Amino acid sequence: MLVLKNFLIGAIILDIIKRAFEESVKGGILTKTHVESRLFSFYAGGGTLDLAVFPNSLAQLINVANIIKKNSVEFLIIGACSNTLIRDSGYSGISLMTKFLNDICISENFLTALSGTRLQTVISEARRNGLSGIEDLAGIPASIGGAVVMNSGACGTEICQLVEKISFLDLSDLQIKEVLSSDVPFEYRSSNAFFNDKIITSVMFKLKSENQAKISDRINSALARRRNTQPSEPSLGCVFKKINGFSAGCYVEAAGLKGTRIGGAEISVKHANFIINTGNGTASDYIALVEIAENLVQSKFNITLNREILIKGD
Ligand SMILES: Cc1cc2nc3c(=O)[nH]c(=O)nc-3n(C[C@H](O)[C@H](O)[C@H](O)COP(=O)(O)OP(=O)(O)OC[C@H]3O[C@@H](n4cnc5c(N)ncnc54)[C@H](O)[C@@H]3O)c2cc1C
Numbered sequence: 241m242l243v244l245k246n247f248l249i250g251a252i253i254l255d256i257i258k259r260a261f262e263e264s265v266k267g268g269i270l271t272k273t274h275v276e277s278r279l280f281s282f283y284a285g286g287g288t289l290d291l292a293v294f295p296n297s298l299a300q301l302i303n304v305a306n307i308i309k310k311n312s313v314e315f316l317i318i319g320a321c322s323n324t325l326i327r328d329s330g331y332s333g334i335s336l337m338t339k340f341l342n343d344i345c346i347s348e349n350f351l352t353a354l355s356g357t358r359l360q361t362v363i364s365e366a367r368r369n370g371l372s373g374i375e376d377l378a379g380i381p382a383s384i385g386g387a388v389v390m391n392s393g394a395c396g397t398e399i400c401q402l403v404e405k406i407s408f409l410d411l412s413d414l415q416i417k418e419v420l421s422s423d424v425p426f427e428y429r430s431s432n433a434f435f436n437d438k439i440i441t442s443v444m445f446k447l448k449s450e451n452q453a454k455i456s457d458r459i460n461s462a463l464a465r466r467r468n469t470q471p472s473e474p475s476l477g478c479v480f481k482k483i484n485g486f487s488a489g490c491y492v493e494a495a496g497l498k499g500t501r502i503g504g505a506e507i508s509v510k511h512a513n514f515i516i517n518t519g520n521g522t523a524s525d526y527i528a529l530v531e532i533a534e535n536l537v538q539s540k541f542n543i544t545l546n547r548e549i550l551i552k553g554d
């Protein structure tokens, strides 16, 4: 009975929100219902988003945030969805998609990108303008907002080392604010929940001038390293964080789990810290493998694995 009541309340709220967004559509905000996350998630699996909203300007973003706040509705920000798995049951709140908040501006050694811009686009534009520093991150399929929230890194470089300042929409008062990177409590693969009630709108990077050929060499070697060590099938990258600087994949491999399959998901034979989609993998298949790895590594080695990937949804 309680479940039915909650379901009905949820449906009524969603209907009110949908109507609010329909009004906004007249103002040009793209909204879509029943969006299948498997069609854009880097894992190529996962549930349906009931209502996805795609603001394409700061004004539209503020408008969306206003509606979310006024209706006290749950929401989820989705960048490139390269680190996020949506449960098979889907997500019934508002999914705020940043993909159309997408632009880059360069002044001297400073490159500023809107939060939905792909990291790869930023790296290419930096190279075109002879700006260096960010090449180690080539091949991470992130949006800039997602990369900052996750403090993405590779080959000893973390994105927080390259960021000068971050602009965000503060949901507590709907004001656009700025924070210096040095004032954000960045940790390994985390910004320590600093951005929980904030939507990153843009990020300013401080880069250094460099010869374009040298930049290209560094990008190419970062990409080659990935090709040699990581699987090419759909995945969300590393499932677990390093343990005291030591790869979590080594424990998963030592537990004998390489190649273990559930449904369409598999612990990669090439890299044990990747769970790949072999074709029709669901979010439940993926989560089942995560749990098997966690339980076996705990019982065999008394090591607790910490998840790098995020699991969201109802
Ligand atoms: C093949 C592959 C290789 C990878 N290699 C690496 C690697 O080498 N190093 C590494 O660190 N990661 C790696 N990853 C993981 C992933 O790419 C990173 O974690 C990336 O930073 C996630 O960015 P995203 O835009 O996809 O974030 P999403 O998965 O869309 O979101 C991640 C989190 O950020 C939040 N978020 C997104 N945008 C905003 C915003 N504008 N404002 C506030 N919150 C926001 C989301 O709500 C969510 O909580 C890899 C993934 C894949 C698939």
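For the sequence shown, the working numbering gives the first residue as 241, with consecutive numbering after it.
C-beta atoms are modelled at their ideal positions from N, C-alpha and C, and glycine is treated no differently.
Since we're looking at a predicted model, the values are computed, not measured.
May I ask you to report which of helix, strand or coil DSSP gives residue i?
i              : result
leucine 354    : strand
serine 372     : strand
cysteine 490   : helix
valine 389     : helix
valine 313     : coil
serine 347     : strand
asparagine 517 : strand
lysine 339     : coil
alanine 464    : helix
alanine 512    : coil
glutamate 506  : strand
valine 362     : helix
lysine 482     : coil
leucine 550    : strand
lysine 498     : coil
serine 383     : strand
glutamate 473  : coil
alanine 523    : helix
leucine 270    : strand
alanine 378    : coil
Which value, in whole angstroms, describes the spacing of the CA atoms of residue i and residue j?
i                 : j                 : result
phenylalanine 541 : phenylalanine 480 : 15 Å
isoleucine 269    : leucine 402       : 32 Å
aspartate 525     : alanine 453       : 44 Å
leucine 341       : serine 335        : 15 Å
phenylalanine 434 : asparagine 391    : 12 Å
phenylalanine 315 : alanine 382       : 20 Å
proline 232       : glycine 370       : Given that the chain is displayed from residue 241 to residue 554, the structure contains no residue 232 and the question cannot be resolved.
valine 304        : alanine 494       : 47 Å
arginine 501      : glycine 396       : 32 Å
arginine 466      : aspartate 290     : 35 Å
asparagine 484    : glutamate 473     : 28 Å
serine 364        : leucine 351       : 12 Å
serine 430        : isoleucine 549    : 11 Å
phenylalanine 280 : leucine 536       : 31 Å
serine 449        : isoleucine 384    : 21 Å
aspartate 376     : serine 421        : 19 Å
isoleucine 406    : serine 297        : 17 Å
isoleucine 308    : asparagine 468    : 44 Å
Roughly how far, in whole angstroms, is the beta-carbon of residue i from the beta-carbon of residue j, given that I think they are within contact range, below 8 Å?
i              : j                 : result
isoleucine 439 : leucine 414       : Rounded, the Cβ-Cβ distance is 10 Å, inconsistent with contact.
threonine 441  : phenylalanine 408 : 6 Å
alanine 476    : asparagine 323    : In the sequence under discussion, the amino acid at residue 476 is leucine, which differs from the alanine named in the question. Indeed, because the Cβ distance is near 6 Å, the residues count as touching under 8 Å.
valine 424     : alanine 353       : Not really, about 17 Å apart at Cβ, beyond 8 Å.
alanine 292    : lysine 272        : 5 Å
glutamate 418  : phenylalanine 445 : 14 Å between Cβ atoms; not a contact.
alanine 462    : alanine 394       : 7 Å
State yes or no: is the C-beta of residue i within less than 9 Å of the C-beta of residue j?
i              : j              : result
cysteine 490   : alanine 512    : yes
alanine 488    : leucine 545    : yes
isoleucine 515 : tyrosine 283   : yes
leucine 325    : alanine 523    : yes
isoleucine 399 : isoleucine 374 : yes
glycine 333    : valine 362     : no
valine 509     : glycine 499    : yes
valine 389     : glycine 319    : yes
serine 277     : cysteine 321   : yes
arginine 367   : isoleucine 455 : yes
leucine 359    : isoleucine 380 : yes
leucine 447    : serine 539     : no
glycine 519    : aspartate 328  : no
isoleucine 507 : alanine 378    : no
isoleucine 317 : threonine 338  : yes
leucine 497    : isoleucine 543 : no
Is it the case that the CB of residue i approaches a heavy atom of ligand 3 more closely than 8 Å?
i              : result
methionine 444 : The model depicted lacks ligand 3 and carries ligand 1 instead.
Exercise for the section: Let me know the beta strand (DSSP E) ranges lying completely inside the region 405-456, each 3 residues or longer, listed in chain order. Expected result: 415-420, 438-446
Exercise for the section: Within the region 274-335, note down every full beta strand (DSSP E) run reaching 3 residues or more, in order along the chain. Expected result: 288-294, 315-318, 324-326
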